[in-house]
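Peer 1:
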Amino acid sequence: MRFPERVRIVEVGPRDGLQNEAATVPLDVKVELVDRLAATGLASIEAGAFVSPKWVPRMADSAAVYGRIARRPETAYPALVPNMQGLEAAFAAGVAEIAIFVSASDGFSLKNIACTRAESLERLAPVAEAAIAAGLRVRGYVSCIAGCPYDGDVPPADVAMMANALAGMGCYEVSLGDTIGIGTAGQIRDVIDRVAAQLAREAIAMHFHDTYGQGVANVLAGLEEGISVFDSSVAGLGGCPYAPGARGNVATEDVLYLLHGLGIETGVDFGAVAETGGWISDRLGRANASRAGSAHLAKSGDGDGR
Ligand code: HMG
Ligand code: MG
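In this text, residue positions in the sequence shown follow this note's numbering: the first is 118, and each later residue adds one.
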């Protein structure tokens, strides 16, 4: 089996993780989290969302986060944008990359962004066009690629249709999200195969939630399918407010441990991410959901640098 030599991790903890926290997370903590993550070598950190604060109150201070983080020239800090109003806010905050998001199922689309799949594509086409015209990079997400909390099974052809539509709008990469963490490796491979029939594998990223504990196995399935970009969140933070029961993303530490063990380069310091995972778990008063991170921290500084 030939794996990619290098993998890019898109760290989504500050957005996908913190959007779902029960308690308000102080602005200082958000800013420090992003800055600490950037210092570990992560090349892409999703730092906030310009969505309606009525829908996702935890992201209401995203403009302030972007105003205060110490932006590194080599790091991308994408922000989620659901509509033109969000794009205006992202422009005002000086964001250089946005992520637009749709669902492969109508049920989740209606609950998450109050419109059908078809309507979401109509709404987002001018957003992508305006962002690209202004020189921003645009990433796309398709949710519910392995099942929907409202509609049940989701045909891979529907995932491919939405992924294609996003690529057609100019997204440089489309991230396929198992929003409720329900998929298993064979199913994930089938979905990737279906999407890859129309989209280059280099333009596909995978975004796994770890609800059923399949995150790392599904990353391996993605590698076997030639995927080389994975979204993950430090300490396994996360969930989606409109996907009941959904757990956090697969933990960045767990993904790094797998990748480095396979000899795949990431440019990320595993030990530094583990330290950050311990720090943010303490600050949020929650258990560290990363197995590899917890194991590393338990060795109290006896890390091997993987
Ligand atoms: P709507 O209620 O239909 O919107 O929601 P609207 O246009 O009718 O506006 C209603 C109110 O929201 C108005 O305020 C607008 O100003 C305001 P009011 O007049 O009532 O005071 N509003 C906004 N405020 C700030 N920023 C904006 C914005 N837009 C409208 N951009 C809408 C439609 C899309 C806005 C809403 O449904 C929404 O914001 N949804 C976002 C939900 C969300 O963020 N979910 C989590 C992220 S997706 C995810 O986690 C999945 C992912 O991780 C991948 C995976 O795991 O699969 C990406
Ligand atoms: Mg997600």
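Even for Gly, the Cβ is constructed at its ideal location relative to N, Cα and C.
These figures come from a predicted structure and were not determined experimentally.
Can you tell which of 412, 392, 250 and 219 has its C-alpha closest to the C-alpha of residue 258?
Peer 2: Looking at the Cα atoms, 219 is the closest of the given residues.
Peer 1: Do residue 368 and residue 345 count as a contact pair if the criterion is CB distance below 8 angstroms?
Peer 2: Against a cut-off of 8 angstroms, the Cβ pair of residue 368 and residue 345 comes out as no contact.
Peer 1: My output table needs one value for residue 348: the three-state DSSP class, helix, strand or coil.
Peer 2: Reduced to three states, the DSSP call for residue 348 is strand.
Peer 1: Would you report the Cα separation of residue 316 and residue 184, rounded to the nearest angstrom?
Peer 2: In a straight line, the C-alpha of residue 316 is about 35 angstroms away from that of residue 184.
Peer 1: Figure out for me which residue from 225, 160 and 179 has the closest Cα to the Cα of residue 203.
Peer 2: Among 225, 160 and 179, the Cα nearest to that of residue 203 is on 179.
Peer 1: Could you pull the start and end residues of the alpha helix (DSSP H) that residue 337 belongs to?
Peer 2: From DSSP, the alpha helix (DSSP H) with residue 337 extends over 332-341.
Peer 1: At a cut of 8 angstroms, does the segment 283-293 reach the segment 256-270 through at least three beta carbon pairs?
Peer 2: Judged by Cβ distances under 8 angstroms, the segment 283-293 makes contact with the segment 256-270, as three or more pairs qualify.
Peer 1: Taking the beta strand (DSSP E) that residue 216 belongs to, which residues open and close that run?
Peer 2: 214-220 is the extent of the beta strand (DSSP E) around residue 216.
Peer 1: Spatial neighbours of residue 423 within its chain, please: CB distance less than 6 angstroms, with the 5 preceding and 5 following residues excluded, ordered by chain position.
Peer 2: In this prediction, residue 423 has a pLDDT of 39, which is less than 50 and means its spatial position is unreliable; nothing more can be read from the coordinates.
Peer 1: Can you tell me the Cα-Cα spacing of residue 296 and residue 415, whole angstroms?
Peer 2: If you take the alpha carbons of residue 296 and residue 415, they lie about 30 angstroms apart.
Peer 1: For residue 411, which of helix, strand or coil comes out of DSSP?
Peer 2: Reduced to three states, the DSSP call for residue 411 is helix.
Peer 1: Mapping DSSP to helix, strand and coil, what is residue 137?
Peer 2: Looking at residue 137 - three-state DSSP - the assignment turns out to be helix.
Peer 1: Cα separation between residue 251 and residue 159?
Peer 2: Looking at the two C-alpha atoms, the distance is approximately 25 angstroms.
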